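Novice: Right, I'll just put the structure down here and ask away after.
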Amino acid sequence: MSLSINCQIEAMAKVWPAFRLLGRNGALAAWRGPLRPLLQTYVVEIRYRAPLVVERVNVRVLQPRVYVLAPALRPRMGDAEGMLPHVYYDVDGGVFLCMLDPNAGEWSPSDLLAETTVPWTIDWLAAYEGWRATGAWTASGRHMERV
Amino acid sequence: MAWSPASIDPFADPLDAVLAEIAINIQLPPGLHAKAIDRYEAVRRYIERPGSPLAGRVACFYPQGSMRIDATISTRGTDDEYDIDIVAEIDGRDDGPEALLDDLEAALAGYPVGKIVRQTRCITLYYADGMHLDVTPARRTAPKEKQGVIAHAKKGANADPPRYVAMNAFAFGDWYSARTPVEERFAKALNRRLYEQAGIAFAADADVHDVPDQTPLIIKSVTTVALQLLKRHRNILYANETGRLPPSILLSCHAGHAAQPGMGLADMVIRQARWTARAIDTAAQGGRLLSVPNPEYAAELFTDRWPETQSQQTVYSGRLHALARGLEAAQKGNVQLEDLQIWLREQFGERVVTLSVKAFNKRLGSHVKAGQQAYTRSGGLFTPSAPAIIGAVSSLAPVAARAHTNMGERRFK
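Protein chains in written order, with our numbering: chain A, 1 to 147; chain B, 1 to 413.
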């Protein structure tokens with residue numbers, strides 16, 4: 001069963017108190033907060049809309065969107081992973097992280113963002129730093145090629 | 001209670017973990033460690049063979065310096081050559097320092113190594129695999145355990161006449177060992193990594209005081225690993241210089257004084273760097289050169305050949321402060337792994353740091369893929385060497401690691 005946005009807000013406040021709720025509009029909410037996977041503190045923003053009970057869930061569309069606000073992600077041209085590894089691109093050129101396989105049942109709206117999205121962002125950022133330093137993405141990873 | 005990763009696991013703090021990987025990459029590899037022991041025993045047998053000028057005159061033969069305190073690292077200017085120091089205490093007639101070196105040189109003549117070179121205070125045997133065995137002849141001068149003198153005799157140097165120099169390397173080794181007890185959690189974690197890298201299974205569950213002969217505990221304390229990092233830093237700093245460099249024994253002595261079991265690795269490197277830098281600064285402010293005696297034998301000065309000038313010592317002090325400042329900035333500020341790597345390459349050498357950061361990244365990824373990570377409340381990734389301890393750490397975020405696949409689309413411009 002999908003969790004309500006209130007439930008997500010409550011869990012985020014409890015588990016990650018450094019994250020600030022930026023706002024809420026119906027079933028939509030956004031948080032901003034710091035994460036320090038290794039020795040760099042990043043400010044990230046999470047945006048999420050809890051689905052309606054009657055809504056057919058499409059995880060690829062519904063998945064929480066995580067944007068790294070600061071410091072900016074550093075692209076690398078010519079890398080086999082792409083200029084940034086494991087991200088999606090907004091229509092306006094914004095970049096958000098992709099941390100789950102939408103077809104593998106790894107995440108659903110019945111999961112708490114506090115227990116999935118935030119720790120997965122930490123995993124992603126640590127792997128990103130490793131990729132930047134060595135050229136190797138050593139965490140899990142698979143690409144969905146554009147057609 | 002404040003979050004203190006070092007007290008929990010040597011790989012819990014990212015900076016400690018990267019430094020630990022560097023330390024593993026500069027260690028005397030386990031195979032060479034065993035070989036060094038075999039070699040110095042073989043050298044002793046050769047020196048004492050019937051017909052040798054020293055037959056029946058070697059009272060004792062023991063490792064000194066880095067080998068004695070398990071702080072051996074690769075030699076200056078190399079990543080795979082190692083100096084092993086041995087003392088041969090010689091009994092019998094005393095014909096002076098030059099004759100003492102003459103006798104040892106004659107006793108070692110014909111020994112089957114690549115090259116034998118007489119130095120000012122020792123005879124060096126060069127092995128084909130990059131090991132150098134320095135054999136220093138000594139004479140006992142006092143009843144105290146192994147207190148004595150070593151020969152100083154530079155052939156053809158009239159301005160530097162032969163003499164005996166006070167020495168008690170054995171007592172210093174005991175003093176150092178007493179101040180740097182085995183730190184069990186640290187020793188197990190680092191030896192496991194060291195042996196893994198050498199392709200040898202380490203008996204990780206064995207008591208550290210009772211490890212099997214085939215996997216001796218090469219890494220024992222945070223203090224000594226920090227000392228090895230400082231020696232490596234010095235070697236890189238002086239890699240392109242041919243003159244004397246700050247002596248290892250000076251750094252070892254300060255490490256012994258600074259020892260404080262239980263500290264994290266980065267904190268201990270900072271502490272030792274500051275210890276030596278401040279000692280130099282104090283001497284320089286008084287217009288003096290740094291003078292460091294053997295804590296077990298005041299007549300032996302570890303600084304008898306370095307520093308020779310004020311500028312020599314103040315340049316080194318400045319570099320030690322810079323190392324400490326850089327590590328403190330990494331701990332307290334914001335630095336990404338790639339930027340840290342660039343800075344660490346300048347401190348500890350390009351090849352070794354590149355290998356170490358790769359190993360760190362590989363380890364990090366394998367922990368995440370295996371779900372062996374946890375998260376700190378400040379959003380840190382916690383990948384301890386022993387994942388079983390995750391459940392015992394109360395200061396972590398109440399979130400369990402869960403498998404997930406990073407997907408996304410690739411764009412190349």
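For glycine and all other residues, C-beta sits at the position ideal for the given N, C-alpha and C. Keep in mind the model is a prediction, meaning the values are calculated, not measured.
Measuring straight from C-alpha to C-alpha, what distance separates Y297(B) and K144(B)?
Specialist: Translated into the one-based positions of the second sequence, residue 297(B) becomes position 297. Translated into the one-based positions of the second sequence, residue 144(B) becomes position 144. Taking the straight line from one Cα to the other gives about 10 Å.
Novice: Under a CB-based cut-off of 8 Å, is V15(A) close to chain B?
Specialist: Here residue 15(A) refers to the residue found at position 15 of the first sequence. V15(A) counts as touching chain B.
Novice: State yes or no: is the beta carbon of Y89(A) nearer than 8 Å to at least one beta carbon in chain B?
Specialist: Sequence index remark: in the first sequence, residue 89(A) carries index 89 (1-based). With 8 Å as the cut-off, Y89(A) counts as an interface residue toward chain B.
Novice: Please list, in chain order, the residues of the region 388–409 of chain B that have any C-beta partner in chain A closer than 9 Å.
Specialist: Answer set for the region 388–409 of chain B: A397, P398, V399, A400, A401, R402, A403, H404, T405, N406, M407, G408, E409.
Novice: Determine the DSSP secondary structure at L54(B), reduced to helix, strand or coil.
Specialist: Indexing the second sequence from 1 puts residue 54(B) at position 54. DSSP places L54(B) in coil when its eight states are reduced to three.
Novice: Please list, in chain order, the chain B residues whose beta carbon lies closer than 7 Å to that of Q40(A).
Specialist: As a working note, residue 40(A) is residue 40 in the first sequence. Under the 7 Å cutoff, chain B gives N334, V335, Q336.
Novice: Do F302(B) and L229(B) have their C-beta atoms within less than 8 Å of each other?
Specialist: Taking the first residue of the second sequence as position 1, residue 302(B) is located at position 302. Taking the first residue of the second sequence as position 1, residue 229(B) is located at position 229. Their beta carbons are not under 8 Å apart, which means F302(B) does not touch L229(B) by this criterion.
Novice: Closest to A400(B) by CA distance: which of V43(A), W120(A), A133(A) is it?
Specialist: What you label residue 400(B) is simply residue 400 of the second sequence in a count that begins at 1. When each option's Cα is compared against that of A400(B), the closest is W120(A).
Novice: Could you tell me whether the Cβ of E106(A) comes closer than 8 Å to any Cβ of chain C?
Specialist: Annotation note: the requested chain C is absent from the structure, which comprises protein chains A and B.
Novice: For E411(B), which residues in chain A fall below 7 Å Cβ to Cβ?
Specialist: Within the second sequence, the letter at position 411 stands for residue 411(B). Checking the sequence shown, residue 411(B) turns out to be Arg, not Glu. In chain order: G82, M83, Y89.
Novice: Count the other CB atoms within 10 Å of the CB of R319(B); is the residue buried (16 or more) or exposed (fewer)?
Specialist: As a first step, residue 319(B) is located in the second sequence; it is residue number 319 there, counting from the start. Buried, because 16 or more other Cβ atoms sit within 10 Å of the Cβ of R319(B).
Novice: Could you give the distance in angstroms between the alpha-carbon of M407(B) and the alpha-carbon of L337(B)?
Specialist: One-based indexing of the second sequence puts residue 407(B) at position 407. One-based indexing of the second sequence puts residue 337(B) at position 337. Computed Cα separation, rounded: 22 Å.
Novice: Please name the residue in G391(B), E409(B), Q373(B) whose C-alpha comes closest to that of A403(B).
Specialist: Here residue 403(B) refers to the residue found at position 403 when the second sequence is read from its first residue. Measuring from the Cα of A403(B), the nearest candidate turns out to be Q373(B).
Novice: Let me confirm a value: P14(B) is counted as buried when at least 16 other C-beta atoms fall within 10 Å, else exposed. Which label applies?
Specialist: Working through the second sequence from its first residue, we reach residue 14(B) at position 14. Buried, by the Cβ-count rule.
Novice: Apart from the five residues just before and just after E81(A), which ones in its own chain have a Cβ nearer than 7 Å to its Cβ?
Specialist: For the purposes of this step, residue 81(A) is identified with residue 81 of the first sequence, where counting begins at 1. W131, W137.
Novice: May I ask you to report which of helix, strand or coil DSSP gives Q27(B)?
Specialist: Within the second sequence, the letter at position 27 stands for residue 27(B). Residue state, collapsed to three classes: strand.
Novice: As an exercise, report each continuous beta strand (DSSP E) stretch of at least 3 residues that is fully enclosed by the region 289–377 of chain B, in chain order.
Specialist: Counting only runs of 3 or more, we get 297–301.
Novice: Tell me the DSSP secondary structure of R402(B) in three-state form.
Specialist: As a working mapping, residue 402(B) is identified with position 402 in the second sequence. The answer is coil: DSSP assigns R402(B) none of H, G, I, E or B.
Novice: I need the straight-line Cα distance from W3(B) to Y375(B), nearest angstrom please.
Specialist: By one-based count along the second sequence, residue 3(B) stands at place 3. By one-based count along the second sequence, residue 375(B) stands at place 375. In this prediction, W3(B) has a pLDDT of 49, which is less than 50 and means its spatial position is unreliable; what the coordinates show is noted afterwards. Roughly 12 Å separates the two Cα atoms.
Novice: Report yes or no: is there a C-beta of chain A within less than 8 Å of the C-beta of M1(B)?
Specialist: On the second sequence, residue 1(B) is found 1 positions in, with the first residue counted as 1. Residue placement at M1(B) is flagged as unreliable, the pLDDT there being 35, under the threshold of 50; the coordinate-derived value follows with that caveat. It does not: the Cβ of M1(B) has no partner Cβ on chain A nearer than 8 Å.
Novice: Could you check how far apart the C-beta atoms of G173(B) and Q64(B) are, in whole angstroms? I think they sit under 8 Å.
Specialist: By 1-based counting over the second sequence, the position of residue 173(B) is 173. By 1-based counting over the second sequence, the position of residue 64(B) is 64. Contact holds; Cβ gap of about 7 Å.
Novice: If the cut is a Cβ gap below 9 Å, which residues of chain A does V357(B) touch?
Specialist: In the second sequence, the residue the question calls residue 357(B) occupies position 357. Those within 9 Å of V357(B) in chain A are G130, A133, T134.
Novice: With distances taken from CA atoms, which of A226(B), A284(B), H367(B) is nearest L323(B)?
Specialist: As a working mapping, residue 323(B) is identified with position 323 in the second sequence. The shortest Cα separation from L323(B) among A226(B), A284(B), H367(B) belongs to A226(B).
Novice: From the beta carbon of P34(A), is the nearest beta carbon of chain B less than 8 Å away?
Specialist: In the first sequence, residue 34(A) corresponds to position 34, counting from 1. Judged by the 8 Å Cβ criterion, P34(A) is in contact with chain B.
Novice: Run down chain A in chain order and give the residues with a C-beta less than 7 Å from the C-beta of Q341(B).
Specialist: Here residue 341(B) corresponds to residue number 341 of the second sequence, with the count starting at 1. The answer, in chain order, is A133.
Novice: With distance defined between alpha-carbon atoms, name the residue in R139(B), F186(B), G96(B) nearest to P162(B).
Specialist: Here residue 162(B) is taken as the residue at index 162 of the second sequence, counted from 1. Taking only the C-alpha atoms, the option nearest P162(B) is G96(B).
Novice: Alpha carbon to alpha carbon, how far is L125(B) from I22(B)?
Specialist: Translated into the one-based positions of the second sequence, residue 125(B) becomes position 125. Translated into the one-based positions of the second sequence, residue 22(B) becomes position 22. If you take the alpha carbons of L125(B) and I22(B), they lie about 28 Å apart.
Novice: Buried or exposed for P71(A), please, with buried defined as at least 16 other CB atoms from any protein chain shown within 10 angstroms of its CB.
Specialist: In the first sequence, residue 71(A) corresponds to position 71, counting from 1. When all chains shown are included, P71(A) counts as exposed.
Novice: Report the rounded CA-to-CA distance for V393(B) versus A279(B), giving the unit in angstroms.
Specialist: As a working note, residue 393(B) is residue 393 in the second sequence. As a working note, residue 279(B) is residue 279 in the second sequence. Whole-angstrom Cα-Cα distance: 39 Å.
Novice: With a cut-off of 8 Å, does the C-beta of R20(A) fall near any C-beta of chain B?
Specialist: As a position in the first sequence, residue 20(A) is number 20, starting the count at 1. Not closer than 8 Å to any Cβ of chain B, the Cβ of R20(A) fails to qualify, so no.
Novice: Nearest to L125(A) by alpha carbon, out of P37(A), I9(A), G23(A)?
Specialist: Along the first sequence, one-based indexing puts residue 125(A) at 125. Ranking the options by Cα distance to L125(A), first place goes to P37(A).
Novice: For the structure I just gave you, are there three or more beta carbon pairs, one from the region 255–263 of chain B and one from the region 173–185 of chain B, closer than 8 Å?
Specialist: A contact exists between the region 255–263 of chain B and the region 173–185 of chain B.
Novice: In this structure, how does DSSP classify A258(B) when only helix, strand and coil are distinguished?
Specialist: Residue 258(B) sits at position 258 when you count from the first residue of the second sequence. A258(B): helix per DSSP, three-state reduction.
Novice: Could you tell me whether the Cβ of R142(A) comes closer than 8 Å to any Cβ of chain B?
Specialist: Within the first sequence, the letter at position 142 stands for residue 142(A). It does: the Cβ of R142(A) has a partner Cβ on chain B nearer than 8 Å.
Novice: Using a Cβ-Cβ distance cut-off of 8 Å, determine whether N58(A) contacts chain B.
Specialist: Numbered from 1 along the first sequence, position 58 holds the residue referred to as residue 58(A). Cβ-Cβ to chain B under 8 Å: no for N58(A).
Novice: Give the straight-line distance between the Cα atoms of T383(B) and Y62(B), rounded to the nearest whole angstrom.
Specialist: Residue numbering aside, residue 383(B) sits at position 383 when the second sequence is read from its first letter. Residue numbering aside, residue 62(B) sits at position 62 when the second sequence is read from its first letter. The straight-line gap from Cα to Cα measures roughly 40 Å.
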